[in-house]
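Numbering (the working numbering), first residue to last: 147 to 404.
Note that the Cβ used here is the ideal one computed from N, Cα and C, for glycine as well.
Scroll down for the structure; my scribbles are underneath it.
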Amino acid sequence: MIEILNRTELARAKDTGALVAHILQTLKGRSAVGTNLLDIDRWAKAMIVEAGAQSCYVDYAPSFGRGPFGHYICTAVNDAVLHGMPHDYALADGDLLTLDLAVSQGGIAADSAISFLVGTSRPAESVAMIDTTERALAAGIAAAGPGARIGDLSHAIGSVLSAAGYPINTEFGGHGIGSTMHQDPHIANTGRPGRGYRLRPGLLLALEPWVMADTDELVTDADGWTLRSATGSRTAHSEHTIAITDDGAEILTLPKQA
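Below, the structure is given as structure tokens:
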């Protein structure tokens, strides 16, 4: 299913996107050495409930997971990259943490992910990996607009990731979003320009470049959800929800400037 939102729905999408951005930035600020992943999940739940919104994850049970997910946020540490299930783990200095959050408010969902380092340690390889996913995300957004094709976005994202030397997995990528979290079209993190669905104003997309340092192969934890690099290498993941407008694309999950 591909949805095209009207102006009223787009206004609600902006509100949802702002909420997702606010929660992620708040959780990032609270994520320190010693913070437990289960505390992050509890904080996410409290903010979602307080806002009168709904989690897209708690009852989520797709074919690729051992559902329902049962938590309010994905917390992926170091070699974990996608669908990280919160568990009893205290963050350590230098951990690379990814927070991935999808929330529905007013009947419209928004989805975003951020990767960052905990504490004061700044391993150069981890910093470079995070920066690469952020640059790839920016490139994908820059390629989006009315008349562009999905392949244009995939090519823009993949060009940045490949230039930095990272293998690219195409099992999981970006997606359409709207009244539900995951919709068509699928947006692979590499592809050929000029191919695929042609973008139209009112379309919402969640773009999410992610990489693993030295492999494109994933393995699944015993929890049935958490996806890790097959080699144990570090990973990073950046995501925004965007709306296609009459003259380009608007980022709905961009944090407010202080």
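Complete runs of the beta strand (DSSP E) confined to the region 249-279 [at least 3 residues]
254-263, all fully within the region 249-279.
Where does Ile-390 fall in DSSP's three states?
Working through the sequence shown from its first residue, we reach residue 390 at position 244. Three-state result, Ile-390: strand.
For Arg-380 and Glu-271, believed in contact at Cβ under 8 Å, the rounded distance:
Mapped onto the sequence shown, residue 271 falls at position 125. Mapped onto the sequence shown, residue 380 falls at position 234. With 8 Å as the limit, Glu-271 and Arg-380 qualify as a contact, their Cβ atoms being about 7 Å apart.
Integer Cβ distance of Ala-236 from Thr-181, believed to fall under 8 Å
Walking along the sequence shown from the start, residue 236 turns up at place 90. Walking along the sequence shown from the start, residue 181 turns up at place 35. Right, their Cβ atoms sit about 7 Å apart.
Can you tell me whether Ala-288 is buried or exposed, with buried defined as 16 or more other CB within 10 angstroms of its CB?
Translated into the one-based positions of the sequence shown, residue 288 becomes position 142. Counting Cβ neighbours within 10 Å, Ala-288 comes out exposed, since fewer than 16 surround it.
Excluding the 5 residues flanking Ala-226 on each side, which residues of the same chain have their C-beta closer than 6 Å to its C-beta?
Here residue 226 refers to the residue found at position 80 of the sequence shown. Around Ala-226: Thr-372, Arg-374.
List the DSSP bridge partners of Leu-247.
The residue given as residue 247 occupies position 101 in the sequence shown. When DSSP reads this structure, Leu-247 sits in a beta bridge with Ser-258.
Please name the residue in Thr-221, Leu-242, Ala-222 whose C-alpha comes closest to that of Ile-276.
Stepping through the sequence shown from its first residue, residue 276 is reached at position 130. The candidate whose alpha carbon is nearest that of Ile-276 is Leu-242.
CB of Asn-224 within 8 Å of CB of Gly-348, strictly
Locating residue 224 in the sequence shown gives position 78, counting from the first residue. Locating residue 348 in the sequence shown gives position 202, counting from the first residue. No, the Cβ-Cβ distance between Asn-224 and Gly-348 is not below 8 Å.
For Ala-376 and Val-365, the rounded distance between their alpha carbons:
The count along the sequence shown starts at 1 and reaches residue 365 at position 219. The count along the sequence shown starts at 1 and reaches residue 376 at position 230. Distance between the alpha carbons of Val-365 and Ala-376: 5 Å.
Top-ranked residue by Cα proximity to Ala-248, from Ser-308, His-321, Gly-378, His-301
In the sequence shown, residue 248 corresponds to position 102, counting from 1. The shortest C-alpha separation from Ala-248 is found at His-321.
Straight-line CA distance for His-168 to Gly-324?
Counting from one through the sequence shown, the residue named residue 168 turns up at place 22. Counting from one through the sequence shown, the residue named residue 324 turns up at place 178. Rounded to the nearest angstrom, the gap between the Cα atoms of His-168 and Gly-324 is 19 Å.
As a quick exercise: from Lys-191, Gly-213, Gly-394, Arg-188, pick the residue whose alpha carbon is nearest that of Ala-368.
Numbered from 1 along the sequence shown, position 222 holds the residue referred to as residue 368. Closest option to Ala-368, Cα to Cα, is Gly-213.
Own chain, CB closer than 7 Å to Thr-279, minus 5 neighbours either side, in chain order
Residue 279 sits at position 133 when you count from the first residue of the sequence shown. Ser-261, Pro-355, Trp-356, Val-357, Ala-382, His-383, Ser-384.
Delimiting residues of the beta strand (DSSP E) encompassing Arg-295
Start at 1 with the first residue of the sequence shown, and residue 295 comes out as number 149. Element bounds for Arg-295: n/a, residue is neither H nor E.
In three-state DSSP terms, what is Gln-200?
Your numbering for residue 200 matches position 54 in the sequence shown. Looking at Gln-200 - three-state DSSP - the assignment turns out to be strand.
Taking all protein chains shown into account, decide if Thr-154 is buried (16 or more other Cβ within 10 angstroms of its Cβ) or exposed.
For the purposes of this step, residue 154 is taken as the residue at position 8 of the sequence shown. Residue environment: Thr-154 is assigned as exposed (fewer than 16 neighbouring CB atoms within 10 Å of its CB, all protein chains considered).
Could you give the DSSP three-state label for Leu-237: helix, strand or coil?
Your numbering for residue 237 matches position 91 in the sequence shown. Leu-237: coil per DSSP, three-state reduction.
Start and end of the alpha helix (DSSP H) containing Asp-161?
Residue mapping note: residue 161 aligns to position 15 of the sequence shown, counting from 1. Taken as a continuous stretch (DSSP letters only), the alpha helix (DSSP H) holding Asp-161 covers 153-176.
Can you tell which of Gly-378, Ala-159, Glu-149 has its C-alpha closest to the C-alpha of Ser-258?
Locating residue 258 in the sequence shown gives position 112, where the first residue counts as 1. The residue from Gly-378, Ala-159, Glu-149 with its alpha-carbon nearest to that of Ser-258 is Ala-159.
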